[in-house]
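So that you can map any letter, position 149 of the sequence shown is 149 in UniProt numbering, and since no number is skipped, the others follow by simple counting.
Reviewing the structure listed below.
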Amino acid sequence: MVLPKDIATVLSGAWVLLNNTPTDLNGVPLTTDLPLGSKPVGILTYHATGHMSANLASTDPDQRPMDLTYPSKPNQSDAEWALVGKHTLAYAGGLSVKEGSTCENGTLYHGPLTVANVPSWVGTSQERNYTVFRADEGAVVLHIYTRDEVNKVMGNLFWERLD
Ligand SMILES: *[C@@H]1O[C@H](CO)[C@@H](O)[C@H](O)[C@H]1NC(C)=O
Ligand SMILES: *[C@@H]1O[C@H](CO)[C@@H](O)[C@H](O)[C@H]1NC(C)=O
Ligand SMILES: *[C@@H]1O[C@H](CO)[C@@H](O)[C@H](O)[C@H]1NC(C)=O
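As structure tokens, then:
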């Protein structure tokens with residue numbers, strides 16, 4: 001796995017989540033049981049030295065009990081904490097691209113992950129397809145998309161580079 005310098009330059013930066021529209025395998029948008037809720041927030045950070053982090057969370061109030069604190073307190077319910085855990089995605093690790101990838105599109109890998117809020121993700125590499133393009137307003141947009149045959153879902157996330 002490699003991260004060619006030209007692609008590293010295009011990808012590196014902090015990206016804010018614009019839009020997350022998961023679909024079924026036919027491309028029909030999913031509207032229920034979205035793990036990150038209806039209006040997630042996210043920041044994706046890529047470093048040219050081959051490192052990344054991704055932080056995403058639901059903002060739906062029923063998935064975000066506001067009375068929790070960190071560290072947790074004995075009088076806070078595990079059920080409320082479970083809700084937070086199910087609707088949050090946070091991980092970090094290596095960053096590389098598949099051979100044949102270009103500055104415009106290709107396949108990248110988040111991983112091997114060294115930190116992940118989902119324990120089984122530690123040590124894994126998450127494959128993602130990508131396209132980078134310039135939007136009409138001039139913003140640089142990164143489209144990350146995946147086809148997950150196991151869960152019958154296609155991930156479909158748009159990110160805008162923060163200057
Ligand atoms: C839990 O305990 C803290 C003090 O440790 C208190 O401030 C808070 O109101 C309590 N929360 C509930 C839901 O009882
Ligand atoms: C990737 O970009 C090239 C042009 O740079 C284009 O020919 C090709 O179809 C694109 N592939 C995908 C999968 O978007
Ligand atoms: C990326 O795109 C290729 C070509 O369309 C496809 O075979 C592959 O399954 C995709 N990978 C992911 C993670 O969706």
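Note that beta-carbon positions come from the ideal geometry of N, C-alpha and C, so glycine has one too.
Since we're looking at a predicted model, the values are computed, not measured.
For L36, three-class secondary structure by DSSP: In the displayed model, L36 falls within coil according to three-state DSSP, outside both helix and strand.
heavy atom of ligand 2 below 7 angstroms from E149 C-beta: No.
Beta-carbon spacing of L17, P40 below 8 angstroms: Cβ distance < 8 angstroms, so L17 and P40 count as in contact.
CB contact flag (T146, N129, <8 angstroms): Contact flag set, yes.
Backbone CA spacing between R66 and T31 [nearest angstrom]: A small fix is needed here, since residue 66 is Met in this sequence, not Arg. Just so you know, the alpha carbons of M66 and T31 end up roughly 24 angstroms apart.
Through-space distance from K5 to S77, alpha-carbon basis: Between S77 and K5, the alpha-carbon positions lie close to 48 angstroms from each other.
Whole-Å CB distance - V36 paired with A14, under 8 angstroms assumed: The sequence shown places Leu at residue 36, rather than the Val named in the question. About 19 angstroms separates the two Cβ atoms, so there is no contact after all.
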